[in-house]
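J.: Line by line, the protein sequences give chains A and B. Sequential numbering from 1 applies to the first sequence in my numbering. Sequential numbering from 222 applies to the second sequence in my numbering. We treat Cβ as the ideally placed atom computed from N, Cα and C, and that holds for glycine. This one's a predicted model, so the numbers in the text were calculated from it and none came from an experiment. Input: one structure, supplied below.
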Amino acid sequence: MARCEDIELLLGPFEDGELEPHEMQEVARHTAVCAACDGVLANYRKMAVALRGSLPIPKLEGFASGVMARIESMHLPAPMPEIKPRWYETVSGWFANTIMMGGLAAAVAVVTAMVVTPELSNWLRVRQVHAQHPEVVAAINPPTIASKPQAVPPQSDSVANNSGEPAQGSIGDNSGDQSLASADGDSGTEISQIKSDNPSVVVWTAPENKTTVVWVPDQQP
Amino acid sequence: MSKEPRHDADETEILRRAKAGDSRAFSLLVERYQRRVVGVAQAVVHNPDDAVELAQETFVRAYENLGKFESRSSFSTWLYRIAANLAIDFRRREGRHTVLRGEEAENELDRLPSPQGNSFQETARGELNKRIHDALAELTTEHRAVILLREVEGLSYDEISEVLQCPRGTVMSRLHYARNRLKTILKDLETE
Numbered sequence: 001m002a003r004c005e006d007i008e009l010l011l012g013p014f015e016d017g018e019l020e021p022h023e024m025q026e027v028a029r030h031t032a033v034c035a036a037c038d039g040v041l042a043n044y045r046k047m048a049v050a051l052r053g054s055l056p057i058p059k060l061e062g063f064a065s066g067v068m069a070r071i072e073s074m075h076l077p078a079p080m081p082e083i084k085p086r087w088y089e090t091v092s093g094w095f096a097n098t099i100m101m102g103g104l105a106a107a108v109a110v111v112t113a114m115v116v117t118p119e120l121s122n123w124l125r126v127r128q129v130h131a132q133h134p135e136v137v138a139a140i141n142p143p144t145i146a147s148k149p150q151a152v153p154p155q156s157d158s159v160a161n162n163s164g165e166p167a168q169g170s171i172g173d174n175s176g177d178q179s180l181a182s183a184d185g186d187s188g189t190e191i192s193q194i195k196s197d198n199p200s201v202v203v204w205t206a207p208e209n210k211t212t213v214v215w216v217p218d219q220q221p
Numbered sequence: 222m223s224k225e226p227r228h229d230a231d232e233t234e235i236l237r238r239a240k241a242g243d244s245r246a247f248s249l250l251v252e253r254y255q256r257r258v259v260g261v262a263q264a265v266v267h268n269p270d271d272a273v274e275l276a277q278e279t280f281v282r283a284y285e286n287l288g289k290f291e292s293r294s295s296f297s298t299w300l301y302r303i304a305a306n307l308a309i310d311f312r313r314r315e316g317r318h319t320v321l322r323g324e325e326a327e328n329e330l331d332r333l334p335s336p337q338g339n340s341f342q343e344t345a346r347g348e349l350n351k352r353i354h355d356a357l358a359e360l361t362t363e364h365r366a367v368i369l370l371r372e373v374e375g376l377s378y379d380e381i382s383e384v385l386q387c388p389r390g391t392v393m394s395r396l397h398y399a400r401n402r403l404k405t406i407l408k409d410l411e412t413e
């Protein structure tokens with residue numbers, strides 16, 4: 001059995017229920033057989049009761065309203081919680097912003113490429129045709145293009161000439177003939193022959209005007 | 222031992238509203254904790270009137286600093302710590318002498334046995350209370366605060382440690398000393 005000197009310091013915490021379970025058991029075993037230590041415990045209990053009964057109980061009527069009146073008279077601002085971001089919140093926020101901005105930039109780049117690239121390629125193609133065949137440009141909007149339907153040899157794609165000679169790179173006349181009556185109603189142009197070995201390119205030829213018109217679609221398949 | 226509810230969902234909501242400036246919510250907190258806050262202050266200053274004043278100051282300070290309160294610790298413990306700090310500062314300013322003033326002095330006189338005496342029991346109780354009051358006055362502020370926070374307010378050792386900002390071991394040794402000291406002063410209690 002533990003000695004009284006060893007138990008003495010544990011009696012108060014035992015009474016308060018603040019010991020570890022094995023210590024509680026040890027004190028309980030000791031006080032069950034030691035009248036002196038059991039008497040100390042009884043005295044602690046009696047003292048606690050006396051202390052609780054001895055203290056005057058302050059009057060608290062109107063206490064809360066008094067506190068609130070004092071707070072209101074001080075015109076204090078609302079105690080909004082201080083929002084202090086943790087370091088990892090700051091870093092993650094920075095990363096999130098960076099990723100978001102990067103994604104936005106990428107999206108803008110993709111959309112720009114999708115919109116601009118076909119336009120740009122068409123524009124470059126037209127520029128190329130204009131540079132190689134300036135006469136075509138002059139013939140696009142003549143006052144009147146008088147022409148009779150004539151068979152023309154097949155033309156190569158994106159190439160216009162006014163010589164009536166087959167262009168280099170032709171792969172054969174497989175587009176067939178098509179008759180057109182007034183391709184442009186306003187201009188009164190009559191072009192009856194459309195020739196091209198490339199179905200996406202149309203070549204109109206008016207040999208008497210020494211004019212060939214090449215039509216290149218905006219979007220090629 | 223009386224244990225207060227720890228930061229339950231209801232209290233969390235009241236706190237959130239109080240932080241946002243809802244004075245009615247803060248008033249609920251005052252009503253909920255006023256008695257215990259007065260008790261904590263009284264454990265240190267050993268004077269009910271001063272304790273009530275300090276408790277009022279405690280709630281004003283709590284309102285001013287509510288935005289800084291983080292829910293890591295219990296709101297009640299945070300409140301008791303403010304009360305204990307204010308009371309300890311008050312004790313330092315006032316010195317260690319208990320001064321009886323006005324109504325408090327009258328209360329003390331009321332506790333003394335009346336010559337006419339309503340009954341023997343009341344007289345005996347009055348005498349006992351006065352002796353305990355005197356015995357507590359003989360303790361240092363630190364020892365008195367610890368034993369009253371434990372025995373009257375029912376705070377755990379950990380709570381006392383947090384409120385008075387001292388190690389748990391110090392709480393245990395102060396409590397042991399205070400109990401033995403009171404036992405010595407109130408020797409005849411053992412025989413009653």
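Could you check if V213 (chain A) is buried or exposed, using at least 16 other CB atoms within 10 Å of its CB as the buried criterion?
T.: Buried, because 16 or more other Cβ atoms sit within 10 Å of the Cβ of V213 (chain A).
J.: Inspect the beta-carbon positions of V367 (chain B) and Y378 (chain B) and report whether they are closer than 7 Å.
T.: No, they are not a contact pair.
J.: Evaluate the contact criterion for the stretch 255 to 270 of chain B versus the stretch 234 to 246 of chain B: three or more CB pairs, one atom per stretch, below 8 Å.
T.: The answer is no - the stretch 234 to 246 of chain B does not touch the stretch 255 to 270 of chain B, with fewer than three Cβ pairs under 8 Å.
J.: Quick check: what's the CA-CA separation for V27 (chain A) versus L10 (chain A)?
T.: When rounded, the distance between both Cα atoms is 7 Å.
J.: Residues of chain A with CB closer than 7 Å to the CB of S248 (chain B), please, in chain order.
T.: Per Cβ cutoff of 7 Å: A64 and M68.
J.: Once DSSP output is grouped into helix, strand and coil, what is the label at V40 (chain A)?
T.: Note: V40 (chain A) maps to helix in three-state DSSP.
J.: Return the chain-ordered list of same chain residues with a C-beta closer than 6 Å to the C-beta of R282 (chain B), the five sequence neighbours on each side being excluded.
T.: Same-chain partners within the cutoff: I303.
J.: Is Q386 (chain B) buried or exposed, if buried means 16 or more other CB atoms sit within 10 Å of its CB?
T.: Label assigned to Q386 (chain B): exposed.
J.: Would you mind telling me which residues of chain A sit closer than 8 Å to H397 (chain B), beta carbon to beta carbon, in chain order?
T.: Going along chain A in sequence order, the residues near H397 (chain B) (Cβ under 8 Å) are L9 and G12.
J.: Taking 7 Å as the threshold (C-beta atoms), are F63 (chain A) and Q255 (chain B) in contact?
T.: A contact, by the Cβ cut-off of 7 Å.
J.: Quick one: is E18 (chain A) near chain B, going by C-beta distance under 7 Å?
T.: True, the Cβ-Cβ gap to chain B drops below 7 Å.
J.: How many angstroms separate the CA atom of R371 (chain B) from the CA atom of L236 (chain B)?
T.: Answer to the nearest angstrom: the Cα atoms are 27 Å apart.
J.: Under 7 Å between beta-carbons, which chain A residues line up against Y301 (chain B)? List them in chain order, please.
T.: What Y301 (chain B) touches in chain A: nothing, since even the nearest Cβ is about 16 Å away.
J.: Going by DSSP, what residue range makes up the alpha helix (DSSP H) through T361 (chain B)?
T.: First-last for T361 (chain B): undefined, no H or E at that position.
J.: When burial is assigned at 16 or more other CB atoms within 10 Å of the CB, is T205 (chain A) buried or exposed?
T.: The residue is buried, with at least 16 neighbouring Cβ atoms inside 10 Å.
J.: Can you look up V373 (chain B) in the DSSP assignment and give me helix, strand or coil?
T.: Correct three-state label for V373 (chain B): coil.
J.: With which residues is A206 (chain A) paired in a DSSP beta bridge?
T.: Partner(s): A:T211.
J.: Should R400 (chain B) be flagged as near chain A, meaning a C-beta pair shorter than 7 Å?
T.: Taking Cβ atoms only, chain A reaches closer than 7 Å to R400 (chain B), which makes this a yes.
J.: Here's the rule: buried if 16 or more other CB atoms are within 10 angstroms of the residue's CB, otherwise exposed. What is K240 (chain B)?
T.: With 16 or more Cβ atoms within 10 Å of its Cβ, K240 (chain B) is classed as buried.
J.: Roughly how far, in whole angstroms, is the beta-carbon of E285 (chain B) from the beta-carbon of L104 (chain A), given that I think they are within contact range, below 8 Å?
T.: Between L104 (chain A) and E285 (chain B) the Cβ distance is about 44 Å, and since that is not below 8 Å, they are no contact.
J.: Looking at R125 (chain A) and V216 (chain A), is the spacing between their C-beta atoms short of 7 Å?
T.: Going by C-beta atoms, V216 (chain A) is nearer than 7 Å to R125 (chain A).
J.: How close, in whole Å, do the beta carbons of A272 (chain B) and V251 (chain B) come, if the pair is a contact with beta carbons under 8 Å?
T.: Not confirmed; about 15 Å, so no contact.
J.: Is it buried or exposed for S382 (chain B), if we count other Cβ within 10 angstroms and need 16 for buried?
T.: With 16 or more Cβ atoms within 10 Å of its Cβ, S382 (chain B) is classed as buried.
J.: For V129 (chain A) and N122 (chain A), what's the separation of their Cα atoms in angstroms?
T.: Those two C-alpha atoms are separated by around 11 Å.
J.: Could you work out which residue in A:V67, A:H22, A:P13 and A:M24 is closest to A276 (chain B) when comparing CA atoms only?
T.: Cα-wise, what sits closest to A276 (chain B) is A:V67.
J.: Is DSSP giving M74 (chain A) helix, strand or coil here?
T.: It is coil, neither helix nor strand.
J.: Is there a Cβ from chain A that is less than 7 Å from the Cβ of D331 (chain B)?
T.: At D331 (chain B) the pLDDT is 48, less than 50, meaning the model places this residue with poor confidence; the figure from the coordinates comes in the next sentence. Chain A, which has no Cβ nearer than 7 Å to the Cβ of D331 (chain B), makes this no.
J.: Taking the alpha-carbon positions, what's the C36 (chain A) to R70 (chain A) distance?
T.: For clarity, residue 36 (chain A) is Ala in the given sequence; the question names Cys instead. Distance between the alpha carbons of A36 (chain A) and R70 (chain A) is about 54 Å.
J.: Please confirm whether P336 (chain B) has its beta-carbon closer than 7 Å to some beta-carbon of chain A.
T.: Below a pLDDT of 50, predicted positions are generally treated as unreliable, and P336 (chain B), at 40, falls in that range; the measurement from the model is reported next regardless. No, because no Cβ of chain A sits closer than 7 Å to the Cβ of P336 (chain B).
J.: Under 8 Å Cβ to Cβ from T298 (chain B), same chain only, skipping five residues before and after it: list those, please.
T.: Same-chain partners within the cutoff: E380, E383 and V384.
J.: When you compare the CB positions of R312 (chain B) and T362 (chain B), do they come within less than 7 Å of one another, or not?
T.: In contact: R312 (chain B) and T362 (chain B) (Cβ atoms closer than 7 Å).
J.: 7 Å is my cut-off, CB to CB: does Q277 (chain B) come that close to chain A?
T.: Yes, its Cβ sits closer than 7 Å to a Cβ of chain A.
J.: Between the Cα of S394 (chain B) and those of B:H364, B:R346 and B:F280, spot the shortest distance and give me the residue it belongs to.
T.: Taking only the C-alpha atoms, the option nearest S394 (chain B) is B:H364.
J.: How about H30 (chain A) and I7 (chain A): do their beta carbons lie closer than 7 Å?
T.: Result yes, Cβ atoms of H30 (chain A) and I7 (chain A) sit closer than 7 Å.
J.: Is there a C-beta anywhere in chain A that falls below 7 Å from the one on Y378 (chain B)?
T.: Taking Cβ atoms only, chain A reaches closer than 7 Å to Y378 (chain B), which makes this a yes.
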